[in-house]
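In this note's numbering, the protein residues as written are 3 to 322. All residues carry an ideal CB built from backbone N, CA and C; glycine is no exception. Since the structure comes first, as structure tokens, the remarks are kept for the end.
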Amino acid sequence: MRAMQYERFGGPEVLAPAEVPDPVAGRGETVVEVAAAGVNFGDIKQIAGEHTAGPYAPKGPLPLVPGLEVVGRTADGRRVLGYVRQGGYAEKAVVADRDLVTVPEGVSAGEALALLIQGLTAWHLLRSAARIRPGESVVVHAAAGGTGSLAVQLAREFGAGRVIAMASSEEKRAFALELGADVAIDGDAEGYQERILYANHGQPVDIVLDAIGGPVLDSALDTLGYLGRLVTYGASSRQAASAVAPGRLAMESRTVAGFWIIPLIARDGAGGTALEELLRLTARRRLRPLVGAEYDLMRARDAHEDLLARRTKGKLVLRP
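What follows is the structure, encoded as structure tokens:
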């Protein structure tokens, strides 16, 4: 079968077309004929050799086929979404049964792929980490991104009283408002606290979902009210936040939590009620995953280059 593989670690240039043997399913696994594969920053980190241990670590010696997620059909005709950990950039992939879920009619391949890593992250940020309660105020950083755009919509779906979106441009803020945010404001660290309090009618907020880190995280902590929760799941600013003094948390009974979806999938599998709920909401058009460009599988290198250059918007899809 056709695949894209890498024989050495490096940038997008190490990806090359190859003919590789068809995968064979073992016990508790299923072969999926791939209709589309998702592109993630995790793929780029894997082929760069940045993950030599942990859930992203390559399985086996080089050469290897990257790719974490696929949509396709099983031998019995089921249309499925699956998390594969490795091997998605190919015409066929083996998926553990616990990482498979049926895709409802009316959900496109791109939408389904956007729900696997980014959608599950948004769901667990709100449900598992922040433990959102009806009526609470939620601040979403990077609200026009893959995870942020879904978090805005899910916060509304889960009963948030006020959703405050933060984004870096007028276009992105307008998009967040389309998705259901009550207000969208600039995400710069300068004047952060004042803008948040103004956007929340002068009141501190209950939940902040932070993907930026650095000075923004420091400022966000001071916007939390009593029993407020800040969940950090990224650091796109590439700046370090100051150490959080215990007294700064204890005075208002605040919580700072971290979250990363990959260890959770490794422990529990990707399939299950959370992903099924996301797919149902999408099929009913109550959730709108952000889908971007599609590339032929043999152009995976171009997809990686575009993602690194931040020329993309939404979930990138490879088509075998």
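Considering only DSSP beta bridges, list what residue i is partnered with.
{"i": "D298", "result": "R321"}
{"i": "T275", "result": "T275 is not bridged to any residue."}
{"i": "Q2", "result": "The chain is shown only over 3 to 322; residue 2 falls outside these bounds and no answer can be derived."}
{"i": "K94", "result": "E35"}
{"i": "V335", "result": "There is simply no residue 335 to check, as the chain begins at 3 and stops at 322 in what is shown."}
{"i": "V207", "result": "L226"}
When the distance is taken between beta carbons, is residue j closer than 8 Å to residue i?
{"i": "L181", "j": "R290", "result": "yes"}
{"i": "K317", "j": "L115", "result": "yes"}
{"i": "G271", "j": "D78", "result": "no"}
{"i": "A169", "j": "A186", "result": "yes"}
{"i": "V165", "j": "A183", "result": "yes"}
{"i": "L226", "j": "E192", "result": "no"}
{"i": "R4", "j": "E93", "result": "yes"}
{"i": "L70", "j": "H306", "result": "no"}
Residue i: buried (16+ other C-beta within 10 angstroms of its C-beta) or exposed?
{"i": "E9", "result": "exposed"}
{"i": "F177", "result": "buried"}
{"i": "P14", "result": "buried"}
{"i": "Y235", "result": "buried"}
{"i": "A59", "result": "exposed"}
{"i": "L229", "result": "exposed"}
{"i": "P248", "result": "exposed"}
{"i": "V72", "result": "buried"}
{"i": "L64", "result": "exposed"}
May I ask which residues mark the beginning and end of the alpha helix (DSSP H) holding residue i?
{"i": "E172", "result": "172-180"}
{"i": "S221", "result": "216-223"}
{"i": "T149", "result": "148-159"}
{"i": "P248", "result": "248-252"}
{"i": "T123", "result": "122-126"}
{"i": "D99", "result": "It is not in any alpha helix (DSSP H) - D99 carries neither H nor E in the DSSP assignment."}
Since residue i is in the beta strand (DSSP E), which residue starts that stretch and which ends it?
{"i": "V35", "result": "Sequence check: residue 35 is Glu here, not Val. Element bounds for E35: 31-41."}
{"i": "E71", "result": "71-75"}
{"i": "Y228", "result": "226-234"}
{"i": "A201", "result": "Unbroken run through A201 is the alpha helix (DSSP H), 194-201; no beta strand (DSSP E)."}
Is any beta-carbon of chain C found at less than 8 Å from that of residue i?
{"i": "A144", "result": "Considering every chain present, this structure includes no chain C. It has just one protein chain."}
Q) When the Cβ atoms of the segment 277-289 are set against those of the segment 253-260, are three or more pairs found closer than 8 Å? A) no
Q: Kindly confirm or deny that the segment 35-42 and the segment 115-128 touch, where touching means at least three C-beta pairs closer than 8 Å.
A: yes
Q: Tell me, please, whether the segment 95-110 touches the segment 202-212 by the rule of three or more beta-carbon pairs shorter than 8 Å.
A: no
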